[in-house]
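*Asks:* Residue numbers (the numbering used here): 4 to 710.
For each residue, glycine too, the CB sits at the ideal point set by N, CA and C.
Mind having a look at this structure? Questions to follow.
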């Protein structure tokens, strides 16, 4: 208890400290009370957007920047620089695909145009044009000659000291570019990891997501407002930027196709092919000088739009058909990616003042995170599935072991299975009072199946002795609890309580049991449960020394044993189950039955063997017959039965004739000197009768008895 309190205190303190760290970080980031802090200096810039005059076609008008303009129009905007200029100041204006030439006092000071850069296309990449100023420029006129092309916009103008003009741009673009770089790194990492472990993974979703992330990140970086910081030759971005954006549709389709397990492979493959064909055509048209990449991009975007619509339709189809459950978290990311990426592309074309990168970065973050959640969820499900599979394998092993135990004991066929069922029913009845979970209840059942596993180590003459055991033989028999304990010692972690149930189920409540003479609640709970279930099955089954007890005799014996042999509280619950008819022996006339109450063929054969042995009848090979009962029982559990016939035939040639009528999986065993057991595999009663008639036709004096 003290350790538990200590753990809780440590956990609470750690969470409190972490919370305080987060709160202090937020205060440090956003609190404006900076009077006593170390000065950072100023990055302030002056917005120079008012007082501009637009000169075009002999007309002049006053305007405030930014403003929209008609595409392809050549204009001149004129203003007068502030008088308070100093050396090493700069004036900055963004050219959104425009040719831009800056004149101060009638002299050209800066130019950014298709003509000024060799090999530059008509649609020049957007860039910030910076013109250095000095003190003598104060109050002089400034003219900016602009030829609008792509978006038809004249952006705002800022003035600052040195490169301070870049500070607002960097501040605005830092987050988006930081995200893009992060996405790029993760994309490269995913791609590299795939190639390193490609032999051990199924599918290529990781590779395709990595390539998609790399493509999207490079597009964002190539269109970034910080492009001039990222690339030494930002003008080249006109090529790889267009190529990147045109590939979005194909890359997304490739990833979606893999996530959706190629259910829509033909559809996605067609879209990927169309996008790539269009991309190839666009490049050829550009190289031939027919149309530039910027102009032809609209055709690629058409197929990107079609890809987006088809992807959404495919996801909806998977939702309707229930397949989306296989990738439900990734599906959310896919939908968000399609919607946000589409919004980014629409804004790129339709809104001249669109702040590029926000939506597409958000799209990649959502897709990345939802894919990560899906991977974690799938791993958890796989872990649970592996655990479930391991549990099923353990259960199957336990059931097989239980059958093997019963197969060795000629007088208690099906005992272990029935004890498991009775113990489980009692555990379920006491669950509320004893705080037993469903897992605890099932564990009680499994422990019941193997409680007698130690009998494997008991010699056959002792285990199958028809009379009373001598003191020495009983000492050997009692060792089965210790033997079972050692055999199953490695499985305690898989099924908690198993070792206690195996070792102590023969302890008595009054302390006179074995192996340690434990009493009262010192006996583990699972052992007290098994003690009642074990005795109940013994009382309701035929034994070599008696027929099964009546229900009244069973009830009286249980109550008489309460407080001496059995836990009185558990006995009361068990008897209450019997009185309410909620539990009854899974036996008819001492023989095991199926769910419909019909006596099993294996049980009939077991019962016949037990009676014949009890009466002292000579059975040729009892162990072989018991093994046949075990085989039949296994098949009955699988729903595949045997039809069993007892054939009385003495002559060896008659036995040879019988063998000619049976199939490979049929069994023919000698029961005694006159009778053979014929087990017909997977045959119904009518088919068995046909076989019996054939035997009678060929061996007229043969006697046949059906079970």
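Based on the DSSP output, what are the partners of residue 644 in its beta bridges?
*Replies:* Residue 644 pairs with nothing; no bridge assigned.
*Asks:* According to DSSP, is residue 466 part of a helix, a strand, or is it coil?
*Replies:* Helix.
*Asks:* Would you mind stating whether residue 432 and residue 561 have Cβ atoms separated by less than 8 Å?
*Replies:* No.
*Asks:* Have a look at the DSSP bridge pairing and note the partners of residue 111.
*Replies:* According to DSSP, residue 111 bridges with 106.
*Asks:* Could you please give me the residues that DSSP links to residue 161 through a beta bridge?
*Replies:* Note: residue 161 sits in a beta bridge opposite 50, 95.
*Asks:* At the level of alpha carbons, what is the spacing between residue 509 and residue 564?
*Replies:* Going from the Cα of residue 509 to the Cα of residue 564 covers about 13 Å.
*Asks:* Use the C-beta contact count for residue 427: other C-beta atoms within 10 angstroms, 16 or more gives buried, fewer gives exposed.
*Replies:* Per the 10 Å Cβ criterion, buried.
*Asks:* Under 7 Å Cβ to Cβ from residue 660, same chain only, skipping five residues before and after it: list those, please.
*Replies:* Here the set comprises 701, 702.
*Asks:* If you reduce the DSSP assignment to three classes, tell me which class residue 167 lands in.
*Replies:* In the structure shown, residue 167 sits in a helix (DSSP, three-state: H, G or I).
*Asks:* May I have the straight-line CA-CA distance separating residue 249 from residue 307, to the nearest angstrom?
*Replies:* Rounded to the nearest angstrom, the two C-alpha atoms are 8 Å apart.
*Asks:* Which runs of the beta strand (DSSP E) spanning at least 3 residues fall entirely within the stretch 626-693, listed in chain order?
*Replies:* Complete beta strand (DSSP E) runs here, min 3: 645-651, 670-673, 678-684.
*Asks:* Let me make sure I understand the geometry here. Which of 275, 89, 528, 369 has the alpha-carbon closest to that of residue 429?
*Replies:* Closest by alpha carbon: 528.
*Asks:* Determine the contact status of residue 359 and residue 226, defining contact as a CB-CB distance below 8 Å.
*Replies:* Yes. Within cutoff.
*Asks:* Look up residue 62 in the DSSP assignment and give the residues it is bridged to.
*Replies:* Its beta-bridge partners are 59.
*Asks:* Using only alpha-carbon positions, find the residue among 477, 708, 556 that is nearest to residue 726.
*Replies:* Within the shown structure, residues of the chain are numbered from 4 to 710, placing residue 726 beyond reach of any answer.
*Asks:* Which residues in the same chain have their Cβ closer than 7 Å to the Cβ of residue 231, if we skip the five residues on either side of it in sequence?
*Replies:* These residues qualify, in order along the chain: 130, 131, 237.
*Asks:* Using 8 Å as the threshold, is the stretch 112-129 in touch with the stretch 68-88, meaning 3 or more CB pairs across them?
*Replies:* Touching, no, given that fewer than three Cβ pairs across the two stretches are closer than 8 Å.
*Asks:* Less than 8 Å separating the beta-carbons of residue 454 and residue 504?
*Replies:* Result yes, Cβ atoms of residue 454 and residue 504 sit closer than 8 Å.
*Asks:* Taking DSSP's pairing of strands, which residues face residue 569 in a bridge?
*Replies:* Answer is 565.
*Asks:* Is it the case that the Cβ atoms of residue 627 and residue 675 are separated by a distance below 8 Å?
*Replies:* Cβ atoms of residue 627 and residue 675: not closer than 8 Å.
*Asks:* Should the stretch 144-153 be regarded as contacting the stretch 104-115, the criterion being three or more beta carbon pairs within less than 8 Å?
*Replies:* Yes, the stretch 144-153 touches the stretch 104-115.
*Asks:* So for residue 35, helix, strand or coil by DSSP?
*Replies:* In the structure shown, residue 35 sits in coil (DSSP, three-state: anything other than H, G, I, E or B).
*Asks:* If I measure Cβ to Cβ from residue 209 and keep anything under 6 Å in the same chain, skipping five residues before and after, which residues do I get?
*Replies:* Around residue 209: 193, 197.
*Asks:* Alpha carbon to alpha carbon, what distance is there between residue 650 and residue 541?
*Replies:* Their backbone Cα atoms lie some 32 Å apart in a straight line.
*Asks:* Out of curiosity, what's the CA-to-CA distance linking residue 399 and residue 544?
*Replies:* Rounded to whole angstroms, residue 399 to residue 544 spans 25 Å at the Cα level.
*Asks:* So, helix, strand or coil for residue 317, using DSSP?
*Replies:* In the structure shown, residue 317 sits in a helix (DSSP, three-state: H, G or I).
*Asks:* For residue 576, tell me which candidate among 616, 656, 460, 437 has the shortest Cα-Cα distance.
*Replies:* Among 616, 656, 460, 437, the Cα nearest to that of residue 576 belongs to 437.
*Asks:* DSSP three-state call for residue 131: helix, strand or coil?
*Replies:* Strand.
*Asks:* How would you call residue 43, buried or exposed, if buried means at least 16 neighbouring beta carbons within 10 angstroms?
*Replies:* Classification of residue 43: exposed, given that the 10 Å Cβ count is below 16.
*Asks:* Give a yes or no on whether the C-beta atoms belonging to residue 534 and residue 569 are separated by under 8 Å.
*Replies:* Yes, the pair counts as a contact, with Cβ atoms nearer than the cut-off.
*Asks:* DSSP three-state label for residue 137, please.
*Replies:* Three-state DSSP puts residue 137 in coil, outside helix and strand.
*Asks:* Suppose you measure from the CA of residue 372 to the CA of residue 251; what does that come to, to the nearest Å?
*Replies:* Taking the straight line joining both Cα atoms gives about 19 Å.
*Asks:* Can you round the beta-carbon distance between residue 100 and residue 152 to whole angstroms, since I take them to be within the 8 Å contact cut?
*Replies:* At roughly 5 Å, the Cβ-Cβ gap stays under 8 Å, so residue 100 and residue 152 are in contact.
*Asks:* Cα-Cα, which of 284, 260, 176 is closest to residue 316?
*Replies:* Out of 284, 260, 176, 260 has the C-alpha closest to the C-alpha of residue 316.
*Asks:* Judging by CA-CA distance, which residue of 271, 267, 483, 180 is the nearest neighbour of residue 233?
*Replies:* The shortest C-alpha separation from residue 233 is found at 180.
*Asks:* Measure the C-alpha to C-alpha separation of residue 587 and residue 378 and round it to an integer number of angstroms.
*Replies:* About 48 Å.
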